[in-house]
Amino acid sequence: MKRCFIVVISNLLFSFMSFAQNEDISGGNLFEGEPYLALDPANPQHMVVAWMGYVPIQPLHIKTKVTFDGGQNWSNAVAIPHVSSTYKSADPSLAFDHNGNVFLSYVDYRQAPDSGAVYVVKSTDGGLSWSSPNMVLDGFADGSKEPIDRPWLVIGKAPASSVDTMYITTKPAPWILPPNRPYFMKSYDDGQTWSPWKYIDSTGWQVGNLIQAPMAAPVVDANGRFHCVYPAYYAPENLHVREIMASLIPGTNSFSYSNTYIFTAATAVNDTLSKGGPHLIADPTNPDHMAFFWVFNYNNDMDVFCVESTDNGNSLGALQRVNDDPVNNGRMQDLVWASFDEHGDIVAAWRDRRNAPDTGYAQPSEIWGAVKWKDSANFSANFRISDTIVDYDSTYLAGKGNDFMNVVMAQDTVSAVWGDVRTGVLNIWFNRMAVNGPSTGIKKLVNEKAPGVDIYPNPSGNAITIKGEDMLTVTVYDVTGKLLLQQKAVKDKAVINIAHFKAGEYFAVISTKRGMVTERFERR
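Quick note: the sequence shown uses our numbering, first residue -5, plus one each step.
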């Protein structure tokens, strides 16, 4: 729930350090921010991105795009409608269930007078279209605390179960003064109904009376168990600032607790604009393996650190410094995100100022990353993800917000999302590359004003006709992202024979002189 703009990328050649050009996904010239990227665990070529963006003469919307070919082509942007014409949207979060459905959580709200709620929408076609919204939590569910900021969504199931459980954590709106607490809800029916909200913290593990934004960072482990970490400082319980892990006790609605880290004055982050985390991730190959990421002021620098647990959070390994620029060089790192891949390898990415001319937050920055292979004791040498250093711009970066980015890895290929102001506004960019191998070429994506095309008849059993102004080619993919055919247009028209296709849904990527359009059609 911030005023910010952001960028989507995904391109990292770590072995040879060569870079493909970062690509602008949003194409906006006003406000495009807070992106979130989700990768289909069953098909790494299928990704969905959501972000905040303007629709002409309307308040901020959540927009989405989808790719079925690893980012080479993207669908048109879809704007999620507001519940009320006076509302604006923020804080998108995406997750896939085990059936391939995509879910999007977000806030739709207004301020002064305050109202709004957390909502969830569902896509059954991979992210091309979305259901009507279901309310998760009303803005006045907890009196004046307005617990509708940062609705993080995670989904998982036990290995023997056929039912996914959805979990959402939230915190009070950023203008609400402490004492504040984090909130928890769950759903067993694809987000149609939700459990009554409950506080995550509890006696002995209280947030306390001084923390204004007790964000709970959630994850679901490989056994389907929910965990989250949240900050706490309550002197009657502990004299130090803590990061506490709460784990849902199976078969109950109660949590067990443990300390993940105890902060001291030497490690405290003092810059109020820095984005310090935390970020919690779980290994899909090992239910006991988790990793925690924060930004600490540990060596008189704000650096990225990771600590791992191999016993489901009961104990922690050694603290690992992730960024490899010189220690105590005064250069701030922040905005860290991370994920496991399907093999149990870790990828991390963050906003990096190692090449800035001076110290502090208000400096030029880049996006850098590192990989920790499953059989390695340490993170790899750092690699640069972004292709340019971007000047600090106080218009967009001097306030709260701009604290979303994302990074995922599958089949040794990394995709990441972040925001920078290289074009004069904060926009959404996408880039992608193999960790060990040649760069994947990614084309420039279209602006939000896309060319119009028609497909008919749809559905069809034999052939479809695609017509559009200035058409060049049509490329057809199946739902797994497999390329089936490519055909040139003749006089702004292409007739595609689909008689030999199996019954089901397919996607046509239409290239025109004004950009790309992705449309869905059905073979009956």
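Glycine included, each C-beta is placed from N, C-alpha and C at the ideal position.
Check, Outcome
"At least three beta-carbon pairs within less than 8 Å, the region 180 to 191 to the region 230 to 240", "no"
"Rounded distance between the beta-carbons of residue 180 and residue 160, thought under 8 Å", "7 Å"
"Those residues which DSSP pairs with residue 480 across a bridge", "469"
"Assigned secondary structure, residue 507 (DSSP; H/G/I helix, E/B strand, else coil)", "coil"
"Residue 514 - DSSP class collapsed to helix/strand/coil", "strand"
"With 16 other Cβ atoms within 10 Å as the buried cut-off, status of residue 106", "exposed"
"Which listed residue (146, 91, 461) has its alpha carbon closest to that of residue 37", "91"
"DSSP state of residue 204 mapped onto helix, strand, coil", "coil"
"Supposed close pair residue 211, residue 274 - CB separation, criterion 8 Å", "5 Å"
"Beta-ladder partner(s) of residue 459, from DSSP", "450, 489"
"Closest residue to residue 216 among 465, 282, 125, 141 (Cα-Cα distance)", "282"
"8 Å Cβ cutoff met for residue 97 and residue 147", "yes"
"Counterpart residues of residue 59 in DSSP-defined beta bridges", "43"
"Cα-Cα separation between residue 521 and residue 459, rounded to whole angstroms", "In the structure as shown, the chain begins at -5 and stops at 518. Residue 521 is therefore absent and cannot be evaluated."
"Given 8 Å, three or more beta-carbon pairs between the region 138 to 158 and the region 52 to 63", "no"
"Cα-Cα separation between residue 480 and residue 512, rounded to whole angstroms", "14 Å"
"Nonlocal neighbours in the same chain, by C-beta distance under 7 Å from residue 348, ignoring five residues either side", "319, 325"
"Simplified DSSP state of residue 310, which is helix, strand or coil", "coil"
"Candidates 345, 278, 446, 202, of which the one nearest residue 368 by Cα", "278"
"Host beta strand (DSSP E) of residue 565 (start-end)", "The structure shown does not extend to residue 565, since the chain spans only -5 to 518, so no value can be given for it."
"Nearest-angstrom Cα separation, counted from residue 218 out to residue 176", "21 Å"
"Neighbourhood of residue 195 by C-beta distance below 8 Å, restricted to the same chain and skipping five residues each side", "175, 176, 201, 208, 224, 226, 238, 240"
"Sub-8 Å separation of residue 145 and residue 63 beta-carbons", "no"
"In chain order, each beta strand (DSSP E) run of at least 3 residues that lies wholly inside the region 214 to 283", "220 to 226, 236 to 242, 249 to 256, 273 to 276"
"Supposed contact pair residue 276 and residue 330 - C-beta distance, whole angstroms, cut 8 Å", "Contact flag wrong, Cβ pair sits at about 16 Å."
"Three-state secondary structure assigned by DSSP to residue 116", "strand"
"Candidates 134, 99, 335, 406: closest to residue 428 by CA position", "406"
"Residue 388 versus residue 169: straight-line alpha-carbon distance, rounded", "21 Å"
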